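> I have a structure I would like to understand better, so I am pasting it below and will then ask my questions one at a time.
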């Protein structure tokens, strides 16, 4: 079946189901767009649309964004704002049955990936399921994940970077009874912070690889297969787009796109007023390529209570924390530490980002990866003088220590080399092919495996030393250990104290010269899933592969 030509696709998922196939939905049902599905707890209609938004003084910025409405269930499930292109925020509880209808009102194919969620392969947003303009894709699944800060974004092959950059992303926040019993800060004291970088042109338009949404160029080369080494579908660095945009575009596609301006929740020069009391800050790195080294301006420790897959067993204190693209952090901050009227800032400190100079190569004044800058300005407004600083709960969640001995390949981890050759990114020398999974990319349902990502930076046309942010779809994994070759110790030494590998993860930063071992459990769902670098130009350029879960 040609998934790109389907009008409507529907599938279901429950805790007991192994997986389901996407099936065509009747045209009659598709015409009743506001008919709620009574077989689920939550039914949402999510539109991918084009809009204009005032982000800076002057002309409005043309963006792509999601618009949603609740057809069944609590209206508070969706939280949207006209002040940002991001969102809506979707809030659900563990165990709820959810249906989400994606309607594509963009001028090109798209599909949504539910990043970090444990769902069947047909519900995961694989690019083979991308829908054409005017089509609808129906997601239906039970929320099996523990409480945590997950998110959603587009995932069409070769266009993920552009679609995210132009605005398509939102948070998917899960709560459960274990988290609720802790009494963590909630309501207006539970604040999501989506950190991104963008470049604007003189007309206030986002500029991506030399083009904006006001140009005819963002979609004019979709029918052109990328001309790269390896498989024809394995990249996007060359072809008409590169020839049109020149050397800057080529380097952006190859190295990754870095922006001039730092945005928080879709706003440049962001600021936040806070009271002298505890807050929960949910931080998502929603940037295409940039990694952040987060720290308070005065050296106060960051208190981490959660990562990608939810709460940690206990709080972790760090002087700074590394946050790669797609990673999340939940921070506990009691602003009673600072006096009323204090001006604070959350910063990104300097570190050695390797040869990731994509923004500079584009001929713009972009901050190179690893440059220091301010992320967010804060002002302590509450004048109360009696507030005492409150520590987070000493125990947060039941998170067993990982046990590598349960892996079926305990003594022979699967090796995944992060490679470049013939102008194409790859994994083990292979670029992305839509349905291909090699024998070493096949796993058995119900088993655990040890995987090792190797970023030895010894291959490629110039032996580029670059970090990679590795994401595995459909699972939450545990980081077992890291090692680095002496040749690249200088990169690791500038970030080493900032890793928070505790708890459940779905994305992990692999620095130049580093080897990172993870323990993965392939539970519940057979099918075809993705693993890839979440530096989106690397992903679009071929550093993405399938793995297949077999019964």
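Residue numbers (this note's numbering): 821 to 1371.
Built from N, CA and C at the ideal position, the CB exists for glycine as well.
Quick caveat, the model's predicted, so the values are computed rather than measured.
1. Would you check if there are 3 or more beta carbon pairs closer than 8 Å linking the stretch 997-1006 to the stretch 1017-1031?
2. Which stretch, first to last residue, makes up the beta strand (DSSP E) that contains residue 980?
3. Considering Cα atoms alone, identify which of 1157, 1163, 1195, 860 is closest to residue 1143.
4. Compare the Cα-Cα distances from residue 1146 to each of 1089, 1248, 991 and report the closest residue.
5. Are three or more beta carbon pairs between the stretch 1288-1304 and the stretch 1318-1338 nearer than 8 Å?
6. Flag this pair as yes or no: are the beta carbons of residue 981 and residue 1360 separated by less than 7 Å?
7. Are there three or more Cβ pairs, one per stretch, closer than 8 Å when the stretch 1079-1091 is compared with the stretch 961-973?
8. Where does residue 953 fall in DSSP's three states?
9. Just tell me which of 1268, 1102, 878 has its CA closest to the CA of residue 1446.
10. Grouping DSSP H, G and I as helix and E and B as strand, with all else coil, what is residue 1112?
11. Which whole-angstrom value describes the C-beta separation of residue 969 and residue 1215, a residue pair presumed to lie in contact below a C-beta threshold of 8 Å?
12. Just the C-alpha distance for residue 1339 and residue 1226, rounded to the nearest angstrom, thanks.
13. Can you tell me whether residue 1366 is buried or exposed? The criterion is at least 16 other CB atoms within 10 Å of its CB, across all chains shown.
14. Below 8 Å on the Cβ atoms is my guess for residue 1245 versus residue 1358; work out the distance and round it to an integer in Å.
15. Going by C-alpha distance, which of 904, 1073, 1105 is nearest residue 1088?
16. What does the alpha-carbon distance come out to for the pair residue 1255 and residue 1347?
17. Just grab the DSSP bridge partners of residue 1341 for me.
18. For residue 1235 and residue 1276, I'd like the C-alpha separation in whole angstroms.
19. Rounding to the nearest angstrom, what Cα-Cα distance links residue 1379 and residue 977 in this structure?
20. If we ignore side chains and look at the alpha-carbon of each, how far apart do residue 1222 and residue 1264 end up?
21. Taking only three categories from DSSP, how would you classify residue 882?
22. Which first and last residues belong to the alpha helix (DSSP H) in which residue 1133 is found?
23. Considering just the uninterrupted stretch of the beta strand (DSSP E) at residue 1237, what are its terminal residues?
24. Entirely within the stretch 883-963 and at least 3 residues each: give me those beta strand (DSSP E) ranges in chain order.
25. Per the DSSP calculation, residue 1246 is bridged to which residue(s)?
26. Does the stretch 1148-1168 come close enough to the stretch 1102-1119 that 3 or more CB-CB pairs lie under 8 Å?
27. For residue 1016, which of 1119, 1343, 1189, 1314 has the nearest alpha-carbon?
28. Would the beta-carbon of residue 856 fall within 7 Å of that of residue 863?
29. Quick one: what's residue 1348 bridged to in DSSP?
30. In the DSSP assignment, what residue or residues form a beta bridge with residue 1099?
31. Would a C-beta distance cut-off of 7 Å place residue 1293 and residue 1349 closer than the cut-off?
32. Would you kindly report the start and end of the unbroken beta strand (DSSP E) that includes residue 1311?
33. To the nearest angstrom, how far is the alpha carbon of residue 1331 from that of residue 1312?
34. Taking the continuous beta strand (DSSP E) assigned at residue 871, which residues delimit it?
35. With DSSP as the reference, label residue 1045 as helix, strand or coil.
36. Around the C-beta of residue 1168, are 16 or more other C-beta atoms found within 10 angstroms, so that it is buried, or is it exposed?
Checking against the coordinates, here is how it stands:
1. no
2. Here residue 980 refers to the residue found at position 160 when the chain shown is read from its first residue. Premise fails: residue 980 lies in the alpha helix (DSSP H), 980-985, not in any beta strand (DSSP E).
3. Here residue 1143 refers to the residue found at position 323 of the chain shown. Closest by alpha carbon: 1195.
4. Start at 1 with the first residue of the chain shown, and residue 1146 comes out as number 326. Nearest of 1089, 1248, 991 to residue 1146, Cα basis: 991.
5. yes
6. By one-based count along the chain shown, residue 981 stands at place 161. By one-based count along the chain shown, residue 1360 stands at place 540. The Cβ atoms of residue 981 and residue 1360 lie closer than 7 Å to each other.
7. no
8. Residue numbering aside, residue 953 sits at position 133 when the chain shown is read from its first letter. Coil at residue 953, not helix or strand.
9. One cannot answer for residue 1446 here, as it falls past the ends of the chain, which runs 821 to 1371.
10. To locate residue 1112, count along the chain shown from 1; it is residue 292. The answer is strand: DSSP assigns residue 1112 an E or B state.
11. As a position in the chain shown, residue 969 is number 149, starting the count at 1. As a position in the chain shown, residue 1215 is number 395, starting the count at 1. The C-beta distance from residue 969 to residue 1215 rounds to 20 Å, too long to fall under 8 Å, and the pair is not in contact.
12. Here residue 1339 refers to the residue found at position 519 of the chain shown. Here residue 1226 refers to the residue found at position 406 of the chain shown. Straight-line Cα distance between these residues: approximately 9 Å.
13. The residue labelled residue 1366 in the question sits at position 546 within the chain shown. Result: buried.
14. Working through the chain shown from its first residue, we reach residue 1245 at position 425. Working through the chain shown from its first residue, we reach residue 1358 at position 538. Confirmed, about 5 Å.
15. Indexing the chain shown from 1 puts residue 1088 at position 268. Considering only alpha carbons, the answer is 904.
16. Sequence index remark: in the chain shown, residue 1255 carries index 435 (1-based). Sequence index remark: in the chain shown, residue 1347 carries index 527 (1-based). Roughly 11 Å between the two C-alpha positions.
17. Position 521 of the chain shown, counting from 1, holds the residue named residue 1341. According to DSSP, which records beta bridges pairwise, residue 1341 is partnered with 1268.
18. Here residue 1235 refers to the residue found at position 415 of the chain shown. Here residue 1276 refers to the residue found at position 456 of the chain shown. Going by the C-alpha atoms only, they are around 12 Å apart.
19. Residue 1379 is absent from the structure shown; the chain starts at 821 and stops at 1371.
20. Numbered from 1 along the chain shown, position 402 holds the residue referred to as residue 1222. Numbered from 1 along the chain shown, position 444 holds the residue referred to as residue 1264. Our two residues, residue 1222 and residue 1264, have alpha carbons roughly 19 Å apart in a direct line.
21. As a first step, residue 882 is located in the chain shown; it is residue number 62 there, counting from the start. It is a strand residue.
22. The sequence position of residue 1133 within the chain shown is 313, counting from 1. Careful: residue 1133 lies outside any alpha helix (DSSP H), inside the beta strand (DSSP E) at 1130-1138.
23. Residue mapping note: residue 1237 aligns to position 417 of the chain shown, counting from 1. That run of the beta strand (DSSP E) goes 1234-1241.
24. Correct list: 909-913, 917-924, 932-935, 956-962.
25. Residue mapping note: residue 1246 aligns to position 426 of the chain shown, counting from 1. DSSP lists 1239 as partners of residue 1246.
26. yes
27. Reading the chain shown from its first residue, position 196 is the one you call residue 1016. By alpha-carbon distance to residue 1016, the top candidate from 1119, 1343, 1189, 1314 is 1189.
28. By one-based count along the chain shown, residue 856 stands at place 36. By one-based count along the chain shown, residue 863 stands at place 43. Yes.
29. Here residue 1348 refers to the residue found at position 528 when the chain shown is read from its first residue. Beta-bridge pairing links residue 1348 to 1368.
30. The count along the chain shown starts at 1 and reaches residue 1099 at position 279. Partner(s): 1153.
31. As a working note, residue 1293 is residue 473 in the chain shown. As a working note, residue 1349 is residue 529 in the chain shown. Contact flag set, yes.
32. Within the chain shown, numbered from 1, the residue matching residue 1311 stands at position 491. Boundaries for residue 1311: no beta strand (DSSP E) harbours it, while the alpha helix (DSSP H) harbouring it runs 1309-1313, taken from the DSSP string.
33. To locate residue 1331, count along the chain shown from 1; it is residue 511. To locate residue 1312, count along the chain shown from 1; it is residue 492. Roughly 7 Å between the two C-alpha positions.
34. Within the chain shown, the letter at position 51 stands for residue 871. Per DSSP, residue 871 belongs to the beta strand (DSSP E) from 862-873.
35. Here residue 1045 is taken as the residue at index 225 of the chain shown, counted from 1. Confidence at residue 1045 is low in this model, with a pLDDT of 34, below 50, so its placement is unreliable and no value can be given for it.
36. Walking along the chain shown from the start, residue 1168 turns up at place 348. Flag for residue 1168 reads buried.
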